[in-house]
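Visitor: Okay, here's the structure, questions in a sec.
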Amino acid sequence: MIRRYLNTALLYAVFAMIFGVFYREFTKFHRFTEKTNLSVMHTHYFLLGMFFFLILMLIEKNIPFSKEKNTEKVVITYQIGLNITGIGLFLRGLTQVLETELSRAMDASISGIAGIGHILMGISLILLLLTIRKQTGQNEVLYK
């Protein structure tokens, strides 16, 4: 699992770079100088993607938790939540840069997409932390 977490971190680092370049070039092409959600995709994918999985890798190395029941499903759900959030940010950012007039329903839909992603990430994070805490209780020897 250590290698898988490292590979996942690398993948999210690549996504972060792609979104950073896209933001810069897309806004420059459209001569857009206002605030846009596209600007935060770069940092979201670095922090919630790359750094998150690097930290999981370090924790796994010291406190093996990945073999616990449902851990893989929780990690996958976290990634689904992160990418749903990313889709919401991306859609919102595109509409901002393109200055698209949104109906109230469409505006709420985009917010809802990001909200669902945040909920999935939040629940997954709590479940993952509970799993890690459970493993630290079983490995008390590590802390003496």
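Mind the numbering: the sequence shown is residues 11 to 154 in this note's numbering, read in order. Built from N, CA and C at the ideal position, the CB exists for glycine as well.
Along the chain, where does the alpha helix (DSSP H) containing M27 start, and where does it finish?
Guide: M27 -> alpha helix (DSSP H) spans 12-39.
Visitor: Taking the alpha carbon of G103 as the reference point, which residue from Q89, V50, M27, L16 has its own alpha carbon closest?
Guide: For G103, the nearest C-alpha among the options comes from V50.
Visitor: Do you know how far the Cα of L130 is from the Cα of F62?
Guide: For F62 and L130, the distance between alpha carbons rounds to 15 Å.
Visitor: Helix or strand or just coil, what does DSSP make of T87?
Guide: Looking at T87 - three-state DSSP - the assignment turns out to be helix.
Visitor: Which two residues bound the contiguous alpha helix (DSSP H) that contains I65?
Guide: 62-72 is the span of the alpha helix (DSSP H), which, as asked, contains I65.
Visitor: For L112, collect the residues of the same chain with a Cβ closer than 8 Å to its Cβ; drop the 5 residues on either side in sequence, then sort them by chain order.
Guide: Closer than 8 Å at the Cβ level, and outside the excluded window around L112, lie T105, I120.
Visitor: Would you give the residue range spanned by the alpha helix (DSSP H) that T43 belongs to?
Guide: Note, T43: premise wrong, no alpha helix (DSSP H); not H, not E.
Visitor: Do you know whose CA, among K144, M11, L138, A19, lies nearest V84's CA?
Guide: Per the Cα distances, L138.
Visitor: Which value, in whole angstroms, describes the spacing of the CA atoms of V31 and I12?
Guide: Approximately 29 Å, taken between the alpha carbons.
Visitor: With a cut-off of 8 Å on the beta carbons, I'd call L92 and L135 a contact; round off their distance for me.
Guide: About 10 Å separates the two Cβ atoms, so there is no contact after all.
Visitor: Taking the beta carbon of I118 as the centre, do at least 16 other beta carbons fall within 10 Å, making it buried, or is it exposed?
Guide: Correcting the residue identity first, residue 118 is Ala in this sequence and not Ile. With fewer than 16 Cβ atoms within 10 Å of its Cβ, A118 is classed as exposed.
Visitor: Under 8 Å by Cβ, that's how I've got M60 and A115 pegged, so tell me the actual separation to the nearest angstrom.
Guide: Actually they do not touch by this definition, with Cβ atoms about 35 Å apart.
Visitor: Figure out for me which residue from F39, G127, L68, S76 has the closest Cα to the Cα of A19.
Guide: The shortest Cα separation from A19 among F39, G127, L68, S76 belongs to L68.
Visitor: Closer than 6 Å by C-beta to H40: which residues in its own chain qualify, once you throw out the five before and the five after it? Chain order, please.
Guide: For H40, where only same-chain residues beyond five positions count, the Cβ hits under 6 Å are V107.
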